[in-house]
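What follows is one structure encoded as structure tokens, with my remarks underneath.
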Amino acid sequence: MTAGVQIAASILAADFARLGEEVRAAERGGADLLHIDVMDGRFVPPITMGPVILQSLRRVTRLPFDVHLMVVEPERQVDAFIEAGAARIAVHVEAAGHLHRLLAHLRARGVAAVVALNPATPPEAVRWTLPEVDGILVMSVNPGYAGQAFIPAALEKVRRLRELVGEAGHAVTLAVDGGISDATAGPAVAAGARLLVAASAVFAGAGGVEASLGRLRAAAEGGLARG
């Protein structure tokens, strides 16, 4: 792991016909977490995967599972993913009816509680939940599909969140998800991100998964030096 920065490999862009092999390659390449994008066809258009994916992948990897719930009523889903082995669960501030209660529940169940923010959601939306938050996931694309272009305004949001977290005095990891590549990883880290979620840049990059992770990590190191 690059000092101070983690990379989560998002299997949304992996070849599901070879998913076990792809995940093993990500682990060999030095990914810190495995990112699982859960979509219900309602909060976002696609339908993707459920707890059975975690249960199956646990047989082939020891990487922690970083689950991103892009679903309505996430409080109805979290326990199934906890029981399937999730280490971190991100829920959207736009989807949770009782966000503070849900975050407290996640922590009580022993998983890291993460709040996700869509591109148009202001940073201040999480201010009053910071005592219950372990991480904030900034979406730098509109959620739903891998391979989208990075939204530059996400960098300003990360910088503002860095200020809010510093003012609150809490240990909160800032993450960026969407359009992360060799070109955008450095600026995201320089803005304050310490966890990068990458899909296509890992699983569809030139030279294969391990080489792609190496390039992404080098880009993150460059951003860390500027941050």
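With our numbering applied, the sequence shown covers 3 to 229.
Where a beta carbon is used, it is the ideal one built from N, C-alpha and C, also for glycine.
With DSSP collapsed to three states, give me the class of threonine 131. helix
Assign alanine 170 to one of three DSSP states: helix, strand, or coil. helix
If I follow the unbroken alpha helix (DSSP H) through serine 202, where does it start and stop? 202-205
Going by beta-carbon coordinates alone, are leucine 226 and glycine 6 separated by less than 8 Å? yes
Run of the beta strand (DSSP E) containing valine 140, from where it starts to where it stops: 137-141
Would you mind giving the Cβ-Cβ distance between leucine 157 and proline 189, rounded to the nearest angstrom? I have them listed as a contact below 8 Å. 6 Å
I need the boundaries of the beta strand (DSSP E) containing phenylalanine 67, first residue and last residue. 67-72
Do you know offhand how far valine 128's Cα is from leucine 166's? In this model, valine 128 and leucine 166 are separated by some 9 Å (Cα to Cα).
Applying the 10 Å Cβ sphere with the 16-neighbour rule, what's the burial state of proline 145? buried
Would you kindly check if the distance between the Cβ of histidine 102 and the Cβ of glutamate 131 is under 8 Å? Residue 131 is actually threonine in this sequence, not glutamate. Contact: yes.
Secondary structure at alanine 98, three-state DSSP: helix, strand or coil? coil
Alpha carbons only, please: which of Val143, Ile91 and Asn120 is nearest the one belonging to histidine 107? Ranking Val143, Ile91 and Asn120 by Cα distance to histidine 107 puts Ile91 first.
Report the option in Val25, Arg78 and Val73 whose CA atom is closest to the CA atom of arginine 61. Val25
Segment limits, beta strand (DSSP E) that includes serine 12: 8-12
Whole angstroms are fine: how far does the CA of arginine 196 sit from the CA of isoleucine 9? 9 Å
If you follow the alpha helix (DSSP H) that valine 25 is in, where does it begin and where does it stop? 21-30
Reduced DSSP secondary structure (H/G/I, E/B, other) of arginine 90: The answer is strand: DSSP assigns arginine 90 an E or B state.
DSSP three-state call for isoleucine 38: helix, strand or coil? strand
Among Ala27, Gly209 and Met41, whose alpha-carbon lies nearest the alpha-carbon of threonine 63? Ala27
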